[in-house]
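Beneath this line is the structure, given in structure tokens, with notes to follow.
Protein chains: 2
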Amino acid sequence: MSGPARLRDVAELAGVSPGLVSRLLNGDESLTVREETRDAVMRAVAELGYVANSAASSLRRSRTDTIGLALDHVTNPLFRELVRGAQQAATKRGSALLLLDVEDLTNDPHPFTALINARRIDGLLLQGGYSDDAVPASYSSQLPTVIVNSPGDGTAAGVSLQDSLAAEIATAHVLDLGHRNVAFIAGADGPATEARYLGFRTAFVERNLVESPDLYEAGGWDARDGFEATVRLLERGQRPTAYVVANAVSAMGTLRALAAAGIDVPGDASVVAVHDPWFAEMMTPPLTTVSLPLYELGRASVNVLLDQISGEAPQDLIIADPPPQLITRGSTGTVDMSVMSS
Amino acid sequence: MSGPARLRDVAELAGVSPGLVSRLLNGDESLTVREETRDAVMRAVAELGYVANSAASSLRRSRTDTIGLALDHVTNPLFRELVRGAQQAATKRGSALLLLDVEDLTNDPHPFTALINARRIDGLLLQGGYSDDAVPASYSSQLPTVIVNSPGDGTAAGVSLQDSLAAEIATAHVLDLGHRNVAFIAGADGPATEARYLGFRTAFVERNLVESPDLYEAGGWDARDGFEATVRLLERGQRPTAYVVANAVSAMGTLRALAAAGIDVPGDASVVAVHDPWFAEMMTPPLTTVSLPLYELGRASVNVLLDQISGEAPQDLIIADPPPQLITRGSTGTVDMSVMSS
DNA sequence: TTCTTCAACAAAATCGATATACCTCTGGCA
DNA sequence: TGCCAGAGGTATATCGATTTTGTTGAAGAA
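Top line first, the protein sequences correspond to chains A and B. Heads up, the first sequence is in my numbering, so the first residue is 1 and it goes up one at a time. Heads up, the second sequence is in my numbering, so the first residue is 1001 and it goes up one at a time.
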């Protein structure tokens, strides 16, 4: 009666054997019990507040019901919803999320490997897009792995968003406002950036327009990257009237760079970005964005991973519901404004 | 040879008993071994890449080497550094961080309690300031608990920052720029807000000035809270020339509200906030802030918690190194600017 | 009536690491 | 010679849950 109740305590209280209680609680199909017995056990469980000791259970089942979550910056604003989704899906399916330090991911030897060898996690959720491709592969051979926000790479399953479509919608928005001089500020190299650039070009093609390669600028995913990319573009003498930014966080940098250069938004130039984080509406000016279902991405990634852990074959997935949606705010305006003021 | 190596495998390879290997790896003081034997064991460990199965180890030692981390929004930008600090401290001391869903924290029955009863975590890191006081108490009676970013409440240890001093520095900054009409946009009710308001008043007192109670506006910690608080203040007819905002995230809302009201920053009003997140320099205008050592807070909180888990008495702590530091950016200017333009 | 066949459980063998309680030499000393 | 104290280990009993293999009694079949 000192620590928490053990299986044995429950069994004794209910007057049955521990094995019976275990089978009952785990829903063993091959078990037949009288209602009476079942009730007695359930009452004992409730009375003692019994919860199986996870260490013992893990040891026996060689399963930890824990999955590792490695995000480059857990606190990337975009990941708020993703983490929430992952968390809830995991909780719902009885698993916990272990936070992994991505800085460790690229160290050698991976302090990470210790976690895997210690059998502390059943599977791994890795953020795609940032890390180089070698990393996922080295893990996916050791345990079920799902790459979040990136298509699968053959070795590990991938769950991704409609990146291309989102960028296309963003681009279409400014094109339809009359802009023709449209810059693309890319994210870090990788599938997500490629997909978004594809969407960018598609919007042009569908309108029988031609984009200018001079207005492409390589960037990264954070605000400073967006800032620097935009500065480089301006220093190259380009003066686009609209910017499609691969990511709302780096769009913050774009806005800053434009403001610093004395370019008014949306007076002199429009800015639209992919993803709709909490701060978009709080920026000056409020940022026009195309939202993507990050919560669903988190949920789905966990589900795919847990399915894989339960033995299903790795399965790639693209989250299309809810679809990307344009959220018009103050950072975009018609080209006439730009032209007139310039 | 199928799964990962077990203690027994190592022992066999080294030609010793499993117990010896365990005692050696765990640094049993009462053990004496020949160099030769020690080497053989170490070589076997290295060769097999042996890492103790954590479930088995946990079961035996009744310790999971895992601590729960509950932050209101893990992805709150302010927590980026905090999480990094916590992560690194935990890793260094051999513990892992389990992400907890704070929404669950206030549910009843706590899905959380299951985690505790399942003995999945050795201790709990709770975010202070948000959650009401009853919550920490209900947990701290069940397992070691540390409240992060809040002074201890008697039942649980607390690790906090120099909130008062930070607010004082922020306030002193605008007072010294000549502002006298200074508003205080508070955070959510709680110790952190109280401390910061205290610092605000202290800056006035030390300069033999008197603050105006009319310029206090209750708020919250997120951007929308800051926005709404500022709007309320303006609707009350107040036109302060400077704003001290309890938190950099809500300061974003303040900036937005001012811009929306056509009040130029820093032309018509200055804004300074506590905490220096990544986006401060990317705002328009760049936000003047007072930084606080969040990384250290994370590190220290984990250390205090782990000490407590090892049996030390709960101990409150205030992180004072590095000290709060004023980071002057574009959102603050002398009062002359404001006066002249109005 | 005797053998099957279930229903309804119980017993016992794991899972892998750790900690405590033994052993077994060898050398030194009275 | 006999005894004792370490040095240098080994053997074994847990930790608590799960799972496989048994066991028992009673109802139906032959």
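Note that CB positions come from ideal geometry on N, CA and C, so glycine has one too.
When the beta-carbon positions are compared, B:L1287 and B:A1273 come within less than 9 Å of each other. Under the three-state reduction of DSSP output, B:I1185 falls in the strand class.
Across the structure, B:I1169 and B:V1205 are spaced so that their CA atoms are roughly 13 Å apart. Residue state for B:T1155 is assigned as coil, using DSSP reduced to three classes.
In the structure shown, the three-state DSSP call for B:V1272 is strand. Under the 10 Å beta carbon count, B:A1046 is surrounded by fewer than 16 other beta carbons and is classified as exposed.
Chain-order list of chain A residues neighbouring B:M1252: F279 and M282, by C-beta distance under 7 Å.
The beta-carbon distance between B:G1123 and B:S1150, rounded to whole angstroms, is 16 Å. This is too long to meet the 8 Å contact definition.
Nearest CB-CB separation between B:S1138 and chain A: not below the 9 Å threshold. Using a Cβ distance threshold of 9 Å, A:L69 and A:A5 do not count as a contacting pair.
Residues of the segment 236-267 of chain A with a C-beta less than 8 Å from any C-beta of chain B: M252, G253, L255, R256 and A259, listed in chain order. Taking A:E211 as reference, the option from A:G219, A:S164, A:N303 and A:R201 with the minimal CA-CA separation is A:R201. Under DSSP, B:Y1243 takes part in a beta bridge, and its partners are B:A1183 and B:V1271.
In the DSSP annotation of this structure, the continuous segment of the alpha helix (DSSP H) that includes A:S301 starts and ends at L294 to I309.
Among the residues facing chain B, A:Q127 is not included, as its CB has no counterpart in that chain under 9 Å away.
Contact check for B:S1160 and B:I1318: beta-carbon distance about 6 Å, within the 8 Å limit, so the pair qualifies. When DSSP states are grouped into helix, strand and coil, B:L1326 belongs to the strand group. Annotation for A:A218: A186, D189 and A229 place their beta carbon closer than 8 Å to its own, counting only its chain and skipping 5 residues before and after. Taking CB atoms only, A:G187 has no neighbour in chain B less than 9 Å away. Excluding its 5 nearest sequence neighbours in each direction, B:I1309 has C-beta neighbours in its own chain below 6 Å: D1122, G1123 and P1144, listed in chain order. Residue contact with chain B for A:Q308: absent (no Cβ-Cβ distance below 9 Å to any residue of chain B).
Excluding sequence positions up to five before and after B:R1224, its CB lies within less than 7 Å of the CB of G1253, all in the same chain and listed in chain order. Against chain A, the beta carbon of B:R1119 has neighbours under 8 Å at P4, N53, S54 and A55, listed in chain order.
B:V1290 carries a strand assignment under DSSP once its states are collapsed to helix, strand and coil. Looking at the backbone, the Cα of A:T328 and that of B:M1282 are separated by about 21 Å. In this structure, the CA atom of B:G1085 is about 20 Å from the CA atom of B:G1152. Here the C-alpha atom of B:G1094 lies approximately 15 Å from the C-alpha atom of B:S1301.
Look at B:L1078 here: in three-state DSSP terms it is coil, with no helix or strand label. Taking a Cβ-Cβ threshold of 7 Å, the residues of chain A close to B:T1064 are A55, in chain order. With a beta-carbon spacing of about 4 Å, A:N117 and B:V1051 fall inside the 8 Å limit used to define contacts.
In this structure, the straight-line span from the alpha carbon of A:D214 to that of A:Q325 is close to 28 Å. Shown here, A:V148 sits in a strand according to DSSP, grouped into three states. Secondary structure note for B:L1125: its beta strand (DSSP E) is the uninterrupted segment G1123 to Q1127. Under the 9 Å criterion on CB atoms, B:R1084 is classed as interfacial with respect to chain A.
Comparing alpha-carbon positions, the option among B:T1155, B:G1262, B:F1112 and B:T1066 lying closest to A:L100 turns out to be B:T1066.
Interface criterion not met: the Cβ of A:P293 is under 9 Å from no Cβ in chain B.
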